[in-house]
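*Asks:* Below are the structure tokens for one structure; questions will follow.
Residue numbers (full-length UniProt numbering), protein chains in the order written: chain A, 1 to 500; chain B, 1 to 99.
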């Protein structure tokens, strides 16, 4: 496959205006599937989480999962959408082996939620509003494994294997209106939008929203139109964009690729394209036209979903604070810089830092522990930070440091003890004898001893070379096995050196 | 005159993955045309205040609680499959891209 010709990004933006659109699929974290009581679980043996409904066996009938409907309404409300007074399912007909019925149950003309908007924040702190066209309920497809092709690709495969465990898992597809005016920030807008959807879904607790696992999938539509032209250009739909960073890269790539074609007088083929994470390029998928003939018609096996006003209002009243508003509030409350807050937010640490502060820690200490030592351990062991240690324990350690009982170095040993299950922070301090030596008598004796042992250093300090005190402080800290407050030792060193 | 043309029949056949001979296209064009015309008679009695009906049964919100029930075993799931491997259905090579 020949490499695509790309235009310089800035040059592309001078000639063309990018117009974006996104379709984000969210797998709902219900216990069972959308239309069947089969378990909705990831990673089981193939074809074990299936019922006759999941396999499309003759005579089987779908029944709507009421929890999936509630989740969908909550998500619609969180996206600022109107909830349909009456909503119905439709059959989308297509032949592909990931879909045993030869149609996907989706929604067409009466989606559960429509016309909303999502506020997003860009890296520079500016806000934008993304218009939402609709959010509709549908079912996921099975999973294909291609055999015989190179590298598991469909091209050249001799046959394919199908696992229907995922078939029928509840999905909500969120579709934006065309997004105008993003200009050079188009890639960042894409990333921030998908990130905002992920945050909203997580705050609602309706999906694990792990992109790498396919809980949250993004199709990015990109088109370019020459400056001054009203009519929209031909768009491509890039699939398989499975991380926030990929959203940004894929949008940028498509802008550069399409610009190179258009600038040479070529035309863009309306098609799906596949994003390749490893090489950072998109490749041609299948042609797609607006005339794609799915022959949608109302699903006769399912009755309309007519949510009562009481249910909608109840779900509205239960909505959590919007993640973006919450983040801005916490950032201000904690007094973090943009960078400090990003560290916390990007690490998925907002909740634990908040809990640690609620348990009495200073914001700075909570941030330092969770983004530092604890994240390092979680990464090294491949576990979630919440599995490493409880926020209350972290707050205890921070309080001991604050009170001067522990130095940072000692605190790390205490953390180790707490993680090892040796008890509360105080219990670890007591059991391991880790408290700071705060007895000035013992410190003065050690300082005097170190000064006497290094008369050359003493002379330098007396000459006003204060930085020479470092050597003495080092000796004292070593003698105290690190269990001394270095700042206090420094004070004592300067005091004793001057006194003699 | 019906809206059903030989081109439309061929298009529908292609969407449905049905291979039709020319004679079949001719006879289906006529038969489908008659069916459409017969059904179109309903339009003559339907006045503007009759809304399109997708679900004639006066029921709505038929749903089930989110509780796991009985599932098939892998053996049962694959028992009618013409071919399988590794606990999965095996299908012939797929031409064309994914949906």
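Backbone N, C-alpha and C fix where the C-beta goes; we use that ideal spot for every residue, glycine too.
Could you check if residue 35 of chain B is buried or exposed, using at least 16 other CB atoms within 10 Å of its CB as the buried criterion?
*Replies:* By the 10 Å Cβ count, residue 35 of chain B comes out exposed.
*Asks:* Just to confirm my understanding: we take residue 56 of chain A, look at its own chain, exclude 5 residues before and 5 after, and list those with CB closer than 7 Å. What are they?
*Replies:* Cβ within range, chain order: 100, 101.
*Asks:* Does the stretch 307-325 of chain A come into contact with the stretch 63-83 of chain A, if we say contact requires no fewer than three beta-carbon pairs (one atom in each stretch) closer than 8 Å?
*Replies:* Taking 8 Å as the limit for Cβ pairs, the verdict is that the stretch 63-83 of chain A does touch the stretch 307-325 of chain A.
*Asks:* Starting from residue 240 of chain A, trace the beta strand (DSSP E) in both directions and tell me its first and last residue.
*Replies:* First-last of the beta strand (DSSP E) with residue 240 of chain A: 236-241.
*Asks:* Of the choices A/441, A/393, A/442, A/446, whose alpha-carbon is the least far from that of residue 421 of chain A?
*Replies:* Nearest C-alpha to residue 421 of chain A: A/393.
*Asks:* Does residue 19 of chain A get closer than 8 Å to chain B when you measure Cβ to Cβ?
*Replies:* For residue 19 of chain A, the answer is no, since every Cβ of chain B falls outside 8 Å of its Cβ.
*Asks:* For a quick check, are the C-beta atoms of residue 191 of chain A and residue 17 of chain A less than 8 Å apart?
*Replies:* Their beta carbons are not under 8 Å apart, which means residue 191 of chain A does not touch residue 17 of chain A by this criterion.
*Asks:* Would you mind listing the beta strand (DSSP E) stretches within the stretch 28-80 of chain A that are 3+ residues and don't spill past its ends, in chain order?
*Replies:* Here no run is fully enclosed.
*Asks:* Residues in the same chain with beta-carbon distance under 7 Å from residue 231 of chain A, minus the five sequence neighbours each way, listed in chain order, please.
*Replies:* 225.
*Asks:* Let me know the secondary structure DSSP gives residue 285 of chain A once reduced to three states.
*Replies:* Looking at residue 285 of chain A - three-state DSSP - the assignment turns out to be strand.
*Asks:* Mind listing the chain A neighbours of residue 55 of chain B? Cutoff is C-beta to C-beta under 8 Å, in chain order.
*Replies:* The contacting residues are 88, 298, 300, 303, 304.
*Asks:* Could you check the C-alpha separation between residue 249 of chain A and residue 194 of chain A for me, to the nearest Å?
*Replies:* Answer to the nearest angstrom: the Cα atoms are 13 Å apart.
*Asks:* Please confirm whether residue 111 of chain A has its beta-carbon closer than 8 Å to some beta-carbon of chain B.
*Replies:* It does not: the Cβ of residue 111 of chain A has no partner Cβ on chain B nearer than 8 Å.
*Asks:* Which residues does DSSP list as the beta-bridge partners of residue 22 of chain A?
*Replies:* Paired residues: A/220.
*Asks:* Which chain B residues are close to residue 95 of chain A, counting only those with a beta carbon under 7 Å from its beta carbon?
*Replies:* Ordered by position in chain B, the residues that pass the 7 Å Cβ test against residue 95 of chain A are 17.
*Asks:* Is the beta carbon of residue 443 of chain A closer than 8 Å to that of residue 406 of chain A?
*Replies:* In this structure, residue 443 of chain A does not lie closer than 8 Å to residue 406 of chain A by Cβ.
*Asks:* Does the beta-carbon of residue 107 of chain A have 16 or more other beta-carbons within 10 angstroms, so that it is buried, or is it exposed?
*Replies:* Counting Cβ neighbours within 10 Å, residue 107 of chain A comes out buried, since at least 16 surround it.
*Asks:* Grab the span of the beta strand (DSSP E) containing residue 276 of chain A for me, first residue to last.
*Replies:* 271-276 is the extent of the beta strand (DSSP E) around residue 276 of chain A.
*Asks:* For residue 11 of chain A, count neighbouring Cβ atoms within 10 angstroms of its own Cβ and tell me buried if that reaches 16, exposed if not.
*Replies:* Answer is exposed; the Cβ neighbour count stays below 16.
*Asks:* Given 8 Å as the limit, is there contact between the stretch 130-146 of chain A and the stretch 169-181 of chain A, that is, 3 or more CB pairs closer than that?
*Replies:* In short, these stretches touch, since the Cβ pair count reaches three.
*Asks:* On a CA-only basis, which of A/197, A/329, A/48 is nearest residue 22 of chain A? Give me that one, please.
*Replies:* The shortest Cα separation from residue 22 of chain A among A/197, A/329, A/48 belongs to A/197.
*Asks:* Pairing CB atoms from the stretch 78-90 of chain A with CB atoms from the stretch 111-119 of chain A, are three or more of them under 8 Å?
*Replies:* Touching, yes, given that three or more Cβ pairs across the two stretches are closer than 8 Å.
*Asks:* Taking Cβ-Cβ distances shorter than 9 Å, what residues in chain B pair up with residue 63 of chain A?
*Replies:* Under the 9 Å cutoff, chain B gives 62, 63, 64.
*Asks:* Out of A/88, A/5, A/141, A/271, point me to the one whose CA is closest to residue 215 of chain A's CA.
*Replies:* Looking at the Cα atoms, A/141 is the closest of the given residues.
*Asks:* Tell me residue 116 of chain A's beta-bridge partners as DSSP assigns them.
*Replies:* Paired residue(s): A/132.
*Asks:* Would you list the residues sitting across from residue 105 of chain A in a DSSP beta bridge?
*Replies:* Paired residues: A/91.
*Asks:* Over what stretch of residues does the beta strand (DSSP E) that includes residue 23 of chain B continue unbroken?
*Replies:* Not the beta strand (DSSP E): residue 23 of chain B falls in the alpha helix (DSSP H), residues 22-45.
*Asks:* What residues are listed by DSSP as bridge partners for residue 143 of chain A?
*Replies:* Bridge partners of residue 143 of chain A: A/163.
*Asks:* Please list, in chain order, the chain B residues whose beta carbon lies closer than 8 Å to that of residue 293 of chain A.
*Replies:* In chain order: 11, 15.
*Asks:* Does residue 67 of chain B have its Cβ less than 8 Å from a Cβ in chain A?
*Replies:* Residue 67 of chain B counts as touching chain A.
*Asks:* Considering only the alpha carbon of each residue, which of B/64, B/29, B/73, B/21 lies closest to residue 52 of chain A?
*Replies:* Comparing Cα positions, the closest option is B/73.
*Asks:* According to DSSP, which residues form a beta bridge with residue 413 of chain A?
*Replies:* Per DSSP, none; premise fails for residue 413 of chain A.
*Asks:* Smallest Cα separation from residue 366 of chain A: which of A/353, A/382, A/374, A/359?
*Replies:* Closest option to residue 366 of chain A, Cα to Cα, is A/353.
*Asks:* What's the C-alpha gap between residue 90 of chain A and residue 330 of chain A?
*Replies:* Approximately 43 Å between the Cα atoms of the pair.
*Asks:* Beta carbons nearer than 9 Å to chain B: which residues of the stretch 44-58 of chain A have them?
*Replies:* So the list reads 45, 46, 47, 48, 49, 50, 51, 52, 54, 55, 57, given in the order they occur along the chain.
*Asks:* Measure from the alpha carbon of residue 37 of chain A to the alpha carbon of each residue in B/33, B/66, B/87, then state which is nearest.
*Replies:* Ranking the options by Cα distance to residue 37 of chain A, first place goes to B/66.
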